[in-house]
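S.K.:
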Amino acid sequence: MRTIFSYTSTSTEQWNNFTAEVDDSLGVYLDRQYSSRLDFSSLSLDRMWHALKAAILSAAIETLPFQKVSNTHRHSYSPELTKLIAINKFLDRFLYRLTTRRSNRPTQIAQMTAALPSHLENFASLLPDYSVPTYSTTPVSAFKSFLRSQKNLVSAFLSTKFAQHLTDSVEYYTALRDEHFSNSLGTFIDSALSVEKRSIVLDHVLVVLDSTPTLLTDLSDIKQAAIAHFQSIVSPPLVHHSSTALFSARWQ
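Here it is as structure tokens:
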């Protein structure tokens, strides 16, 4: 389930309540974590960022109109990519627990500390050149620095694998489309008819023309830019026919 906020139907009063709620949450956080706020340069950026995200989300749920939407599509990833996603999420949650310093969560931190070696071993099994470094959980500042370095490494590797996954998916479904077109009329038609139609409305588009950023506002220019974009993303069929007479018998 996803939470969708209805910003267009939000009233001025709701926006004001949202702003006040965020301010109050941040004020309580600062008062609890720091006895003096005279020098904001000394505050931890990580902790402030996590506190801001938490304050915005909780305030939005409390004050803004929203609805729960069920995901109709489920991504299918390879076991390797699924494992990488799990490791990345684990490190992200672990850093969040450590940087927010919630005194009421020592049990969770202890459990995550105990689970860390297995996640690092899983990562080592996915990246041949990687070996689990020697680390210590004390002092906490050094431990957090170690976790950030591992998180950056996992995130970079995950981004590379995601890009490869997308490329492989496009190539696979392009080849499958061509195979169905040539060999399985029923499958091709059924696949084409079962595709869910999605649409977006563009009233301005920023593109790069001759190495210069250009804002398009004319509808015909926007249409041509969109066509050019999607033609560059989706590859042409592997089998080309100069006329319908060259189609396979089932298509004539």
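The numbers in the sequence shown follow the working numbering, run straight up by one, and end at 290. Heads up, the beta-carbon is just placed ideally off N, CA and C, and yes, glycines get one too.
Beta strand (DSSP E) containing V245: first to last residue?
M.R.: Looking at the DSSP string, the run of the beta strand (DSSP E) that includes V245 is V243 to L247.
S.K.: Using 7 Å as the threshold, is the C-beta distance between Q52 and L102 below it?
M.R.: Yes.
S.K.: Does the Cβ-Cβ distance between E59 and A97 come in under 7 Å?
M.R.: Yes, the Cβ-Cβ distance between E59 and A97 is below 7 Å.
S.K.: For the beta strand (DSSP E) containing T41, name the first residue and the last one.
M.R.: Its beta strand (DSSP E) spans residues R40 to F43.
S.K.: Taking the Cβ atom as the reference point for each residue, do L253 and L244 lie within a distance shorter than 7 Å?
M.R.: Their beta carbons are under 7 Å apart, which means L253 touches L244 by this criterion.
S.K.: I need the boundaries of the beta strand (DSSP E) containing P103, first residue and last residue.
M.R.: Counting along the chain, P103 falls outside any beta strand (DSSP E), and DSSP gives it neither H nor E.
S.K.: With Y134 and H88 assumed to form a contact (beta carbons below 8 Å), what rounded beta-carbon distance in angstroms separates them?
M.R.: With a Cβ gap of about 6 Å, Y134 and H88 count as contacting.
S.K.: I need the straight-line Cα distance from T175 to T145, nearest angstrom please.
M.R.: One C-alpha to the other measures close to 15 Å.
S.K.: Helix, strand or coil for T252 per DSSP?
M.R.: Three-state result, T252: strand.
S.K.: Would you call the CB atoms of Y173 and F184 closer than 7 Å?
M.R.: In this structure, F184 lies closer than 7 Å to Y173 by Cβ.
S.K.: Count the other CB atoms within 10 Å of the CB of H267; is the residue buried (16 or more) or exposed (fewer)?
M.R.: Exposed, because fewer than 16 other Cβ atoms sit within 10 Å of the Cβ of H267.
S.K.: Given A263, which residues of its chain have a CB within under 8 Å of its CB, disregarding the five upstream and five downstream residues?
M.R.: These residues qualify, in order along the chain: V243, V245 and L254.
S.K.: Please report how far the alpha carbon of L196 lies from the alpha carbon of N221, in whole angstroms.
M.R.: Cα-Cα distance, rounded: 36 Å.
S.K.: Where do the N-terminal and C-terminal ends of the alpha helix (DSSP H) with V170 fall, by residue?
M.R.: Segment: none, V170 is in no alpha helix (DSSP H) and carries neither H nor E.
S.K.: Considering only the alpha carbon of each residue, which of Y115, E100 and N160 lies closest to L129?
M.R.: Out of Y115, E100 and N160, N160 has the C-alpha closest to the C-alpha of L129.
S.K.: Please tell me whether T151 and R85 are closer than 7 Å, where the distance is taken between their beta carbons.
M.R.: Against a cut-off of 7 Å, the Cβ pair of R85 and T151 comes out as no contact.
S.K.: What whole-angstrom Cβ distance do L122 and L164 have, given they're in contact under 8 Å?
M.R.: 6 Å between Cβ atoms; contact.
S.K.: Can V192 and I94 be called in contact, C-beta distance under 7 Å?
M.R.: It is not a contact, given that the beta carbons lie outside the stated cut-off.
S.K.: Starting from the C-beta of Y67, find all residues in its chain whose C-beta is less than 6 Å away, skip the five residues before and the five after it, and write them out in chain order.
M.R.: Correct list, in chain order: A89.
S.K.: Is it the case that the Cβ atoms of Q105 and I147 are separated by a distance below 7 Å?
M.R.: Cβ distance not < 7 Å, so Q105 and I147 don't count as in contact.
S.K.: Cα separation between V170 and N190?
M.R.: Answer to the nearest angstrom: the Cα atoms are 14 Å apart.
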